[in-house]
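Some notes on the structure that comes next.
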Amino acid sequence: MIYASWDVFSSYFMLLLLCIVLFIAWFVSTGATRYWQCFEGLVPYIGGRPLVGNFLQPLLMRQSMFELMEQLYEDGRVKGSKLFGIALLMQPALVLRDPEVIKQVLIKDAAFFCNRFMCTDPASDPIGYYNLLMIKNPHWKQLRAFLTPSLSLAKIKKMYLLVDQVRSLIHAVDKGHE
Numbered sequence: 001m002i003y004a005s006w007d008v009f010s011s012y013f014m015l016l017l018l019c020i021v022l023f024i025a026w027f028v029s030t031g032a033t034r035y036w037q038c039f040e041g042l043v044p045y046i047g048g049r050p051l052v053g054n055f056l057q058p059l060l061m062r063q064s065m066f067e068l069m070e071q072l073y074e075d076g077r078v079k080g081s082k083l084f085g086i087a088l089l090m091q092p093a094l095v096l097r098d099p100e101v102i103k104q105v106l107i108k109d110a111a112f113f114c115n116r117f118m119c120t121d122p123a124s125d126p127i128g129y130y131n132l133l134m135i136k137n138p139h140w141k142q143l144r145a146f147l148t149p150s151l152s153l154a155k156i157k158k159m160y161l162l163v164d165q166v167r168s169l170i171h172a173v174d175k176g177h178e
């Protein structure tokens, strides 16, 4: 009778362990793309690469974030849709295209979309941290409650005169340079 030695078992065990670790790494790194595959008929998406998602070119400094977002926005796979999904590194992200959907999210459903992916540190960037688009809860709720009264329809109508005066001033300055 032939018995396998301990070395053979340990080699097979190490090979099995390596396969399991590689599978887990693949599974975690492709989570954002697989997330959108679950909603394939409902939400169009642009599949991404493992680890970097759709953001390989900006990470390699070959393309700016704005150029990438424009490229994704005009992609043929999502043309004509009101929203679409992308892979933001290893996290799924939803990109809104329709003005009505954007208005719904930013005004009516703002309480559900308050914690954004991008955020700065209040110690290293206090001005950027208190930006309403980047701040996280609970500071977001306090800042929104503070800013909402200043954005009422009556106050915006009063500001329109100021904006109109600034526009005419800019127009006059532009004519003076020509």
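In full-length UniProt numbering, the protein residues as written are 1 to 178. The beta-carbon is built from N, C-alpha and C at its ideal position, and this holds for glycine as well.
Residue environment: ASN54 is assigned as buried (16 or more neighbouring CB atoms within 10 Å of its CB, all protein chains considered). Out of SER150, LEU151, LYS157, ALA111, the CA that lies nearest to the CA of ILE135 is found in ALA111. In the three-state reduction of the DSSP assignment, GLY31 falls in the helix class, which pools H, G and I.
Shown here, ALA123 sits in coil according to DSSP, grouped into three states, outside any helix or strand. Taking the Cα of LYS82 as reference, the smallest distance to any Cα among PRO92, GLN71, GLY47, ARG97 is reached at ARG97. For ALA32, the number of other beta carbons within 10 angstroms of its own is at least 16, and it is reported as buried.
Between LEU162 and ARG144 a beta carbon distance of about 23 Å is seen, past the 8 Å cut, so the two are scored as non-contacting.
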